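Presented below is the structure to which this report refers.
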Amino acid sequence: MGSGSLAAMSVFESKYKESLSVRSGSNVDVCVITKGHKEYLRNHLLLNPHTYVNPKGFDFPKKIVIYKV
Numbered sequence: 009m010g011s012g013s014l015a016a017m018s019v020f021e022s023k024y025k026e027s028l029s030v031r032s033g034s035n036v037d038v039c040v041i042t043k044g045h046k047e048y049l050r051n052h053l054l055l056n057p058h059t060y061v062n063p064k065g066f067d068f069p070k071k072i073v074i075y076k077v
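For the sequence shown, the numbering used here assigns the number 9 to the initial residue and increments by one for each residue that follows.
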C-alpha cells in the first residue's frame, strides 16, 4: 500500500457512494507469484500520470538549515 492508502480508506469509510473513485499516487505495481516463479510488473497501470514537463528543467538549490532547539 502506498502513502495515500490511509487517506483513501478514510474517504471510502466516511463518504462512500456509488461510482466513487479515489486515487492516490501515479501508478500500480503488481507482483505475480506462482509455483517456482515470480514476476514484477512495475507501472502496470498509470492512473495519474505526471503530464507536466518544465522545458527548462527544475533547479533545487542545495541548502542546509540548522535550527537550534
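Cβ coordinates follow ideal geometry from the N, Cα and C atoms, glycine included. None of the values given here were measured: they were computed from a predicted structure.
State the Cα-Cα distance for the pair Phe66 and Lys43, rounded to the nearest angstrom.
45 Å
Which class does Glu47 belong to by DSSP, given the choice of helix, strand or coil?
strand
If we ignore side chains and look at the alpha-carbon of each, how far apart do Arg50 and Ser27 end up?
27 Å
Leu53, DSSP secondary structure in three states:
strand
At which residues does the alpha helix (DSSP H) containing Val77 begin and terminate?
No alpha helix (DSSP H) holds Val77; DSSP gives it neither H nor E.
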